[in-house]
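Trainee: If you scroll down you'll find the structure; I have some questions about it.
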Amino acid sequence: MGVLPPLPFCEFDLGGSDGIIDSAAILKEGKALQTEAVDCRWFIRAPPKGRVYLRFLEYEMHNSNECKRNFVAVYDGSSSVEHLKNKFCSTVANDVMLVTSVGVIRMWADQGSRKSRFRILFTTFLEPPCEAEAFFCHSNMCINTSLVCNGIQNCVYPWDENNCKGPFVAPALRKVCLPYVPATTAQVENVLKVLQARSGSLVDIGSGDGRIVIAAAKKGFRAVGFELNPWLVWYSRYRAWKAGVHHSTSFHISDLWKVSFNQYSNVVIFGVPQMMDKLEGKLQTELQSTAKVVACRFPFPTWAPDGTAGEGIDTVWVYDAESFKTERGTHQRHFVTPHQPLGNDDTTTSY
Ligand SMILES: C[S@@+](CC[C@H](N)C(=O)[O-])C[C@H]1O[C@@H](n2cnc3c(N)ncnc32)[C@H](O)[C@@H]1O
């Protein structure tokens, strides 16, 4: 019996927001000949505290169910010996969510199994709460915003590829969309703070999971949400019912550009910069001069705010319709958030 030839050295290092792990790279990058047995490893590294989600795009074992001849194994951790999470050698392979920041994919194929192949999309992510530049996937993932509306589903469910052709998309930036990014707790508090002297009707334009509408209803507003995504509308109705405010809330599956907001005295929007100019024109035409408008995270481009609350990504701006309808508004008040010290200069108003 002759000695078996040594296996070719076959390792790959991958990182970044996402990428493809492809068994075809073995041949393409000259790691082994098509006739040689291989034992290859792909190391995927997420940023510190990050994790890795693996979605199989293609998978086929030439000698399926013969695990000694060919398999694809996933390791959750840097050791491709100790940290085995899944081993696939039958006809199907499932998506895998790793709990550590390093994953290893290992492919073993003997000489007669070199037609075995796979392609995996990896996405690195952080756990919520998501930072300003991250996109919340609904499931427990915050992914890089560059992955939104790029034609590749990186989230477990396709939230990152939904609403990509809607009117939130500026014509020149068709790849930009307004994703579902829920308001932070501080943001919701800031909205309520700048509206605390107000009452009556309130509308949240693009109401997401209904958190602003529900919080406003708890403060006594008759609160309404318009939202394009029916799942979010159904979920909002359920949340409102659970919170005991279903009598003072309503949610509509509607496109914001097809709805008139003229009947609302308090209007809230958490949009994207690309849409604020057009929305400014729409609200200026539609609203009564007694209305107030609150913009979350991104201000309106030409209106002068009447006041602000919060800081950083939680900042909200409040606008007085009387001012923007007559172009008279220029003064600003500052709404002090609880964690800020109360100033005693007369431009600061504590609510
Ligand atoms: C940034 S999220 C804000 C969600 C919610 N207002 C909050 O603050 O938690 C924007 C929401 O607008 C929705 N949306 C996108 N395009 C829309 C449209 N044309 N009409 C109505 N809603 C839309 C999205 O589905 C998403 O839920």
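Counting from 1, one number per residue, gives the positions in the sequence shown under UniProt numbering. For glycine and all other residues, C-beta sits at the position ideal for the given N, C-alpha and C. Please read all numbers here as calculations on a predicted model, not as lab measurements.
From the DSSP output, in three-state form, read off methionine 61 for me.
Mentor: Position 61 of the sequence shown, counted from the first residue, corresponds to residue 61. Reduced to three states, the DSSP call for methionine 61 is coil.
Trainee: Using a threshold of 9 Å, state whether the C-beta atoms of tryptophan 317 and proline 301 are closer than that.
Mentor: Looking up residue 317 in the sequence shown gives position 317. Looking up residue 301 in the sequence shown gives position 301. No.
Trainee: Within a Cβ cutoff of 6 Å, which residues of the same chain sit near histidine 252, ignoring the five residues on either side of it in sequence?
Mentor: Residue 252 sits at position 252 when you count from the first residue of the sequence shown. Answer for histidine 252: Phe226, listed in chain order.
Trainee: Answer yes or no: the CB of leucine 279 versus the heavy atoms of ligand 1, is any distance below 8 Å?
Mentor: Mapped onto the sequence shown, residue 279 falls at position 279. Checking the Cβ of leucine 279 against ligand 1 gives no.
Trainee: Less than 9 Å separating the beta-carbons of alanine 18 and phenylalanine 56?
Mentor: Sequence index remark: in the sequence shown, residue 18 carries index 18 (1-based). Sequence index remark: in the sequence shown, residue 56 carries index 56 (1-based). Per the sequence shown, residue 18 should be read as aspartate rather than alanine. No, the Cβ-Cβ distance between aspartate 18 and phenylalanine 56 is not below 9 Å.
Trainee: Whose C-alpha, out of Asn162, Asp255, Ala216, Ser78, is nearest the C-alpha of glycine 151?
Mentor: Working through the sequence shown from its first residue, we reach residue 151 at position 151. Among Asn162, Asp255, Ala216, Ser78, the Cα nearest to that of glycine 151 belongs to Asn162.
Trainee: Quick test of your reading: phenylalanine 135 and aspartate 160, contact by CB under 8 Å. State the CB separation rounded to the nearest angstrom.
Mentor: Here residue 135 refers to the residue found at position 135 when the sequence shown is read from its first residue. Here residue 160 refers to the residue found at position 160 when the sequence shown is read from its first residue. About 6 Å separates the two Cβ atoms, so the contact holds.
Trainee: Within 10 angstroms of its Cβ, does isoleucine 105 collect 16 or more other Cβ (buried), or is it exposed?
Mentor: Residue mapping note: residue 105 aligns to position 105 of the sequence shown, counting from 1. So isoleucine 105 counts as buried.
Trainee: Just to confirm, does valine 293 get its C-beta within under 8 Å of one of the non-hydrogen atoms of ligand 1?
Mentor: Numbered from its first residue, the sequence shown carries residue 293 at position 293. Answer for valine 293: no, Cβ out of range of ligand 1.
Trainee: Starting from valine 233, follow the alpha helix (DSSP H) in both directions and report where the run begins and ends.
Mentor: The sequence position of residue 233 within the sequence shown is 233, counting from 1. Valine 233 -> alpha helix (DSSP H) spans 230-242.
Trainee: Do you know whose CA, among Val181, Gly312, Lys28, lies nearest isoleucine 212's CA?
Mentor: The residue given as residue 212 occupies position 212 in the sequence shown. Nearest C-alpha to isoleucine 212: Val181.
Trainee: According to DSSP, simplified to helix, strand and coil, what is serine 78?
Mentor: Along the sequence shown, read from residue 1 onward, the residue named residue 78 stands at position 78. Coil.
Trainee: Return yes when the C-beta of glutamate 82 is under 8 Å from any heavy atom of ligand 1, and no when it is not.
Mentor: As a working mapping, residue 82 is identified with position 82 in the sequence shown. Glutamate 82: no, Cβ never under 8 Å from ligand 1.
Trainee: My output table needs one value for glycine 19: the three-state DSSP class, helix, strand or coil.
Mentor: For the purposes of this step, residue 19 is taken as the residue at position 19 of the sequence shown. Residue state, collapsed to three classes: strand.
Trainee: For aspartate 314, which residues from the same chain have a beta carbon less than 7 Å from its beta carbon, with the 5 sequence-adjacent residues on both sides left out?
Mentor: Along the sequence shown, read from residue 1 onward, the residue named residue 314 stands at position 314. Thr184, Ala186, Gln187, Asn190.
Trainee: With a 10 Å radius around its C-beta and 16 neighbouring C-beta atoms as the bar for buried, classify alanine 172 as buried or exposed.
Mentor: Translated into positions along the sequence shown, residue 172 becomes position 172. Low confidence applies to alanine 172: its pLDDT is 35, below 50, so where it sits in the model is not reliable, and the reading given next is rough at best. It is exposed - the Cβ of alanine 172 has fewer than 16 other Cβ atoms within 10 Å.
Trainee: Excluding the 5 residues preceding and the 5 following glutamate 60 in the sequence, name in chain order all residues of the same chain whose CB lies nearer than 7 Å to its CB.
Mentor: Position 60 of the sequence shown, counted from the start, is the residue given in the question as residue 60. For glutamate 60, where only same-chain residues beyond five positions count, the Cβ hits under 7 Å are Ser116, Arg117.
Trainee: For the candidate residues Ser250, Gly244, Gly220, whose alpha-carbon lies nearest to that of leucine 232?
Mentor: As a working mapping, residue 232 is identified with position 232 in the sequence shown. Of the candidates Ser250, Gly244, Gly220, the one whose C-alpha sits nearest the C-alpha of leucine 232 is Ser250.
Trainee: Output yes or no for whether 9 Å exceeds the beta carbon distance between methionine 107 and leucine 126.
Mentor: Within the sequence shown, residue 107 is the residue found at index 107, counting from 1. Within the sequence shown, residue 126 is the residue found at index 126, counting from 1. No; because the gap between Cβ atoms is not below 9 Å, this pair is not in contact.
Trainee: With a CB to CB cut of under 8 Å and the five nearest residues on each side skipped, what residues in its chain are close to tyrosine 264?
Mentor: The residue you call residue 264 lines up with position 264 of the sequence shown. Cβ within range, chain order: Ser201, Leu202, Val203, Val224, Leu287, Ala291.
Trainee: Lysine 49: which of Met276, Val99, Gly244, Gly208 sits nearest, CA to CA?
Mentor: Indexing the sequence shown from 1 puts residue 49 at position 49. Closest option to lysine 49, Cα to Cα, is Val99.
Trainee: Say the cut is 8 Å; is the CB of serine 250 nearer than that to a heavy atom of ligand 1?
Mentor: Counted from its first residue, the sequence shown places residue 250 at position 250. For ligand 1, not one heavy atom lies less than 8 Å from the Cβ of serine 250.
Trainee: I'd like to check one pair, leucine 192 with glycine 206: are the Cβ atoms closer than 9 Å?
Mentor: The count along the sequence shown starts at 1 and reaches residue 206 at position 206. The count along the sequence shown starts at 1 and reaches residue 192 at position 192. Going by C-beta atoms, glycine 206 is not nearer than 9 Å to leucine 192.
Trainee: With a threshold of 8 Å, establish whether the CB of tyrosine 180 neighbours any heavy atom of ligand 1.
Mentor: What you label residue 180 is simply residue 180 of the sequence shown in a count that begins at 1. Answer for tyrosine 180: yes, Cβ within range of ligand 1.
Trainee: So asparagine 91 and serine 64 are supposed to be a Cβ contact under 8 Å. How far apart are they, rounded?
Mentor: Position 91 of the sequence shown, counting from 1, holds the residue named residue 91. Position 64 of the sequence shown, counting from 1, holds the residue named residue 64. The sequence shown places threonine at residue 91, rather than the asparagine named in the question. Right, the Cβ-Cβ distance comes to about 5 Å (below 8 Å), so this counts as a contact.
Trainee: Tell whether a beta-carbon distance below 9 Å holds between glycine 208 and alanine 240.
Mentor: To locate residue 208, count along the sequence shown from 1; it is residue 208. To locate residue 240, count along the sequence shown from 1; it is residue 240. No, these two residues do not count as a Cβ contact at 9 Å.
Trainee: Within the continuous beta strand (DSSP E) that includes arginine 45, where are the two ends?
Mentor: Within the sequence shown, numbered from 1, the residue matching residue 45 stands at position 45. That run of the beta strand (DSSP E) goes 38-45.
Trainee: With DSSP as the reference, label arginine 211 as helix, strand or coil.
Mentor: Here the question's residue 211 lines up with position 211 in the sequence shown. It is helical.
Trainee: According to DSSP, what are the bridge partners of aspartate 13?
Mentor: By one-based count along the sequence shown, residue 13 stands at place 13. Note: aspartate 13 sits in a beta bridge opposite Phe43.
Trainee: For arginine 106, write down the residues that DSSP places opposite it in a beta bridge.
Mentor: As a position in the sequence shown, residue 106 is number 106, starting the count at 1. Beta-bridge pairing links arginine 106 to Arg41, Ala73.
Trainee: Cα-Cα, which of Ser260, Ile143, Asp110 is closest to cysteine 67?
Mentor: Numbered from 1 along the sequence shown, position 67 holds the residue referred to as residue 67. Per the Cα distances, Asp110.
Trainee: Any idea if tryptophan 303 is buried or exposed, counting beta-carbon neighbours within 10 angstroms, 16 or more meaning buried?
Mentor: Counted from its first residue, the sequence shown places residue 303 at position 303. Tryptophan 303 should be labelled buried.
Trainee: On the three-state DSSP scale, how would you describe isoleucine 152?
Mentor: Within the sequence shown, the letter at position 152 stands for residue 152. Correct three-state label for isoleucine 152: coil.
Trainee: What residue range is occupied by the uninterrupted beta strand (DSSP E) comprising threonine 285?
Mentor: Numbered from its first residue, the sequence shown carries residue 285 at position 285. Per DSSP, threonine 285 belongs to no beta strand (DSSP E); it is in the alpha helix (DSSP H), 273-286.
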